[in-house]
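What follows is a short report on a single structure.
Protein chains in written order, with our numbering: chain H, 468 to 666; chain F, 3 to 93.
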């Protein structure tokens, strides 16, 4: 099965690209890098501010990808899955939650932080936002490995279930560092920007 | 009471990450929860927000809710929260 890419997004700590082209991000003092991306994109989704940083990164990347395709978030998409890989998963939020229960003298576990202490929440948030009805999974791997990525994507397309599109890629946030490489992949070459072989 | 209401508004904005909101944007008599009905004016908080408000009351005012059924009335608005806090606070 050939896989094609329709859109690609990358985030580093100081740059955002869409289909290889840099995207201008207005840097406002006092706001986090991810919040600056949110405001620069002009997104209206108040739940964003309740998300942990992993979800914020994945959410913003998916907004850019789906926006590039002209997708309407509210329309159900039965032929779409979302599969991501990450090194740290939800560890950044896990650590934040641990801090709320670290001391017996100041023991106030935060429900809002706790609900993000699971790596799969990032794919769930994306699936909810864009009504992606196929598989939703986040795999923990040491690094972005091209062969592993390609095999995961191959396995994610399920012809018998009619899955022909996928938000796929690498989504990492830890200790203030963002590393995102996400794609819209498809088995349909129409409107694709090229064949995808895992990189 | 007005000082408590103002403090409470600030604490709610911080605890619930209500980005872009200021105390002036919150009507102390408006519903905190709309039960998923967008036609009901208010903050439109959800069930996780409710749990955060319970933690906020315990952490900041030393109030531990013993009866969950009381919550519906206590968390009806900022004003009802402030009234309950003023009568039951231990710190």
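Every residue gets a Cβ at the ideal spot worked out from N, C-alpha and C, and that includes glycine. Predicted model only: the values in this text are computed from it and were never measured.
Can you check which of these residues, 518/H, 618/H and 469/H, is closest to residue 640/H by C-alpha distance? 518/H
Would DSSP call residue 529/H helix, strand or coil? Residue state, collapsed to three classes: helix.
Would you mind reading off the limits of the alpha helix (DSSP H) that contains residue 46/F? Counting along the chain, residue 46/F falls outside any alpha helix (DSSP H), and DSSP gives it neither H nor E.
Can you tell me whether residue 26/F is buried or exposed, with buried defined as 16 or more other CB within 10 angstroms of its CB? exposed
So the candidates are 642/H, 660/H and 599/H; which of them puts its Cα closest to the Cα of residue 543/H? Here the closest residue by C-alpha is 599/H.
For the alpha helix (DSSP H) containing residue 581/H, name the first residue and the last one. Where residue 581/H is concerned, the enclosing alpha helix (DSSP H) starts and stops at 578 to 581.
Buried or exposed by the 16-neighbour rule on C-beta atoms within 10 Å, applied to residue 11/F: Residue 11/F is buried by the Cβ-count criterion.
Going along the chain, which residues of its own chain have a beta-carbon closer than 7 Å to the beta-carbon of residue 558/H, five neighbours each way excluded? 641
Ordered along the chain, which non-local residues of its own chain (more than five positions away) have a Cβ less than 7 Å from that of residue 473/H? 536, 651, 653, 658, 659 and 660
Kindly indicate if chain F contains any beta-carbon less than 8 Å away from that of residue 510/H. The Cβ of residue 510/H sits no closer than 8 Å to any Cβ of chain F.
Assign residue 87/F to one of two classes, buried (16 or more other C-beta atoms within 10 Å of its C-beta) or exposed (fewer than that). buried
Answer yes or no: do residue 623/H and residue 633/H have a C-beta to C-beta separation smaller than 8 Å? yes
Since I believe residue 478/H is in contact with residue 590/H (beta carbons under 8 Å), could you give me their beta-carbon distance rounded to a whole number of angstroms? Actually they do not touch by this definition, with Cβ atoms about 17 Å apart.
According to the neighbour-count rule (16 or more other Cβ atoms, all chains shown, within 10 Å of its Cβ), is residue 84/F buried or exposed? buried
Quick check: the region 604 to 618 of chain H against the region 570 to 579 of chain H, are at least 3 beta-carbon pairs closer than 8 Å? no
Quick check on residue 549/H: does DSSP put it in helix, strand or coil? strand
Express the C-alpha separation of residue 562/H and residue 648/H in angstroms, rounding to a whole number. 24 Å
Of all the CB atoms in chain F, is at least one closer than 8 Å to the CB of residue 555/H? no
Which chain H residues sit within Cβ distance under 9 Å of residue 80/F? Ordered by position in chain H, no residue passes the 9 Å Cβ test against residue 80/F, which lies about 18 Å from the chain.
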